[in-house]
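Novice: Structure provided below as structure tokens; questions to follow.
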Amino acid sequence: MRTHPRWPVRAAAAVLLFAAAACSQEEPPPPAAGRAPAATTTCAGKGALTMWERSGGNKQMVDMLVAAWNTKNPDCKINLTYIPHTEMVGKIAQGVASGDVPDLMGMDLIYAPQFEKEGQLVDITDQTKDWPELKTASKGHMTVATYENRLFGVPLYADVSALFYNKDLFTKAGLDPDKPPTSLAELRTYADKITALGGGVKGYYLPGNCAGCNIFTVGPLMWASGATIEAAGPGDEPLVGDGVKQVLQFTRDMVKAGNVPEGGRAENGETFHLQFGSGKVGMMGTGNFNITLARQQNPKMNFGIALLPGTAPNSSASFIGGDLVVVPKGSKRVNDAVNVMKFLLSDEVQTEVYAKALNLTTRTDMVDNKYFQAEPLVQDVAKALTVGRTPYTVTFFEQINSPQGPWLQMLQRAYYRDDDLDTVIADAKREMKAIAGRS
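Going letter by letter, the sequence shown gives residues -24 to -1, 1 to 415 in mature numbering (1 follows the signal peptide of the UniProt record, and there is no 0).
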């Protein structure tokens, strides 16, 4: 298979999985009738499986899931390797084209439609059609895992964006730690007061060089303000609504007011997940994965979670993201890869791995569990599921997640330059529309 010219072989700012380790033995062929064997939560064959995963995602969760599989399947362990997230899209496209692919991989759910359209993933519809677990699997994940009514993956982990806020800094700044901001105006007011504390403390965090981080955390501010961001397909109009300019003005004002750490300007996603736990940031949009990370990083810090607000009081939105487990074309262990999917969706793993680690379960019927009942922060962040969105477009990378794309260029011009915002938006709109038209 040749590489489609739309696929970049350069760096990509996003989310995916990479692992390069050799398999010692291929799995047995399917039965003579041509049907794949019924999926189990164990291996069909012996020999290590290889898996690719992106850096910058929920590494802790993926490591725990792989460890759980390896404990149960010592003769069929997963060898997992991480690749810098800025290299993953090109790496996978090249691997599929050359045949040098892992047995299974994690993929940022937002890229799935592109790979599905190009025929670069294995269709798992027939192997999974009778799985009851799929009925309650994350709808955002299942939507982008489906192309032309065929299924190509299942959820690996779920991330929702929300507003994390440092209650200790709220108290020091004279703010009520139990009343997070419910509008962008309140967020600005609170940030001013927190920044005024000095000592390197800043009221808010913006990742200045990470397209994916911004669609995850700044995109919802626009959605909550009534805007549409991406062009879904040819002829669609991107960047529609007053909320686009309102949010760009808000972020520009936050930077100019000194409410954003100067180091955030270079943030490309590699250290994004570590910013809140530093204890020096009053508020930031981040994901549910940061609950555990922040506690490990800063055990004494007291913090809360609220919804990401828009311009109007009590408006809110969230980006439902995360990764899918998929099988690249050329995998020699398709049946075992499907078994890994079954394992991840099992009741035991949903409860004793996902929930126990205070990560969102990927099945909605598993949210009511003993671990979440004892953790109010998980309950708070789960509210984002009710206002969340998962964009569906085959040009998401080119429009949004490319480091050289119009989304990040627009944001950087708004954050760090004095360009007229109407011009900035018009330039990005024209380029995004052209990209969608070429699809």
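A virtual CB, placed ideally from N, CA and C, is assigned to each residue, including glycine. Quantities reported herein were computed from a predicted structural model and do not represent experimental measurements.
Let me know the secondary structure DSSP gives Asn315 once reduced to three states.
Specialist: Of the three classes helix, strand and coil, the one that applies to Asn315 here is helix, per DSSP.
Novice: Quick check on this structure: which residue in Leu284, Lys178 and Gly209 has the alpha carbon closest to the alpha carbon of Ile411?
Specialist: Answer by Cα proximity: Gly209.
Novice: Let me know the beta strand (DSSP E) ranges lying completely inside the segment 242 to 299, each 3 residues or longer, listed in chain order.
Specialist: The segment 242 to 299 contains these whole beta strand (DSSP E) runs: 257 to 263 and 279 to 282.
Novice: Within 10 angstroms of the Cβ of Gln272, are there 16 or more other Cβ atoms? Answer buried if so, exposed if not.
Specialist: Gln272 comes out exposed.
Novice: CB-CB under 8 Å to Lys53, same chain, minus the five flanking residues each way: which ones, in chain order?
Specialist: Excluding residues within five positions, the ones whose Cβ falls inside 8 Å are Ala24, Leu25, Trp45 and Asn46.
Novice: Would you mind reading off the limits of the beta strand (DSSP E) that contains Val136?
Specialist: Run containing Val136: Gly129 to Asn142, per the beta strand (DSSP E) assignment.
Novice: May I ask you to report which of helix, strand or coil DSSP gives Asp84?
Specialist: If DSSP states are grouped into helix, strand and coil, Asp84 belongs with the strands.
Novice: If you draw a straight line from the C-alpha of Ala161 to the C-alpha of Leu224, how long is it?
Specialist: So the two alpha carbons sit approximately 13 Å from each other.
Novice: Name the two residues that bound the continuous beta strand (DSSP E) containing Asn55.
Specialist: That run of the beta strand (DSSP E) goes Ile54 to Ile59.
Novice: In or out: Val75 buried (at least 16 other Cβ within 10 Å) or exposed?
Specialist: Per the sequence shown, residue 75 should be read as Gly rather than Val. Under this definition Gly75 is an exposed residue.
Novice: Within the same chain, show all residues whose beta-carbon is closer than 7 Å to that of Val329, passing over the 5 residues directly before and after it, in chain order.
Specialist: Met40, Leu41 and Ala44, listed in sequence order.
Novice: Roughly how many whole angstroms lie between the Cα atoms of Phe128 and Gly150?
Specialist: Computed Cα separation, rounded: 51 Å.
Novice: With DSSP run on the structure shown, which of helix, strand or coil describes Phe373?
Specialist: Note: Phe373 maps to helix in three-state DSSP.
Novice: If you draw a straight line from the C-alpha of Leu353 to the C-alpha of Gly413, how long is it?
Specialist: Rounded to whole angstroms, Leu353 to Gly413 spans 42 Å at the Cα level.
Novice: Since Ala113 sits in a beta bridge, which residues does DSSP pair it with?
Specialist: Arg339.
Novice: By the DSSP assignment, the alpha helix (DSSP H) with Thr47 in it spans what residues?
Specialist: Thr47 -> alpha helix (DSSP H) spans Lys35 to Lys48.
Novice: Near Asp356, which residues of its chain fall below 8 Å by C-beta distance, leaving aside the five closest residues on each side in sequence?
Specialist: Within the same chain, Asp356 has close Cβ partners Ala138, Gly280, Ile281 and Ala282.
Novice: With H, G and I counted as helix, E and B as strand and the rest as coil, what does DSSP make of Val77?
Specialist: If DSSP states are grouped into helix, strand and coil, Val77 belongs with coil.
Novice: Have a look at the DSSP bridge pairing and note the partners of Leu182.
Specialist: In the DSSP output, where bridge partners are listed per residue, Leu182 has none listed.
Novice: Can you find a heavy atom of the ligand SAH that lies under 7 Å from the Cβ of Gly297?
Specialist: Judged by which ligands are present, the structure shown has none, so any question about the ligand SAH falls away.
Novice: How would you call Leu56, buried or exposed, if buried means at least 16 neighbouring beta carbons within 10 angstroms?
Specialist: That one is buried.
Novice: Which residues share a DSSP beta bridge with Tyr123?
Specialist: DSSP, once it has assigned bridges, lists Arg126 as partnering Tyr123.
Novice: Buried or exposed: Lys232, going by 16 or more other Cβ atoms within 10 Å of its Cβ?
Specialist: Lys232 is exposed by the Cβ-count criterion.
Novice: Terminal residues of the continuous alpha helix (DSSP H) containing Thr171?
Specialist: Run containing Thr171: Leu160 to Thr171, per the alpha helix (DSSP H) assignment.
Novice: Nearest to Tyr181 by alpha carbon, out of Asp344, Lys105, Gly255 and Val316?
Specialist: For the residues Asp344, Lys105, Gly255 and Val316, the minimum Cα distance to Tyr181 belongs to Gly255.
Novice: Provide the residue span of the beta strand (DSSP E) that contains Arg30, from first to last.
Specialist: Here the beta strand (DSSP E) through Arg30 covers Leu25 to Arg30.
Novice: Thinking C-alpha only, which one of Leu163, Met317, Lys93 and Asp144 is nearest Pro289?
Specialist: If we check each option's Cα against that of Pro289, Leu163 comes out closest.
Novice: What does a CB cutoff of less than 8 Å around Lys169 pick up in its chain, not counting 5 residues either side in sequence?
Specialist: Taken in chain order, the residues that qualify are Ala149, Gly150, Leu151 and Gly179.
Novice: Can you grab the Cα-Cα spacing for the pair Val302 / Val98, in whole Å?
Specialist: Each residue's Cα considered, the two are about 7 Å apart.
Novice: Under 8 Å: do the segment 61 to 79 and the segment 26 to 34 share three or more Cβ pairs, one atom per stretch?
Specialist: In short, these stretches touch, since the Cβ pair count reaches three.
Novice: Grab the span of the alpha helix (DSSP H) containing residue 436 for me, first residue to last.
Specialist: Look at the range of the chain in this structure, -24 to 415, and you will see that residue 436 is not part of it.
Novice: Note down the Cα distance separating Val72 from Ser415, rounded to an integer number of angstroms.
Specialist: Each residue's alpha carbon lies about 20 Å from the other.
Novice: Let me know the secondary structure DSSP gives Gly150 once reduced to three states.
Specialist: Gly150 falls in the coil class under three-state DSSP.
Novice: Could you check what DSSP says for Arg393 in three-state terms: helix, strand or coil?
Specialist: Of the three classes helix, strand and coil, the one that applies to Arg393 here is coil, per DSSP.
Novice: Just mark Thr287 as buried or exposed, buried being the case when its beta carbon has 16 or more other beta carbons within 10 Å.
Specialist: That one is buried.
Novice: Pull up the distance between the alpha-carbon of Thr119 and that of Phe91, whole angstroms please.
Specialist: Thr119 and Phe91: Cα-Cα distance of roughly 14 Å.
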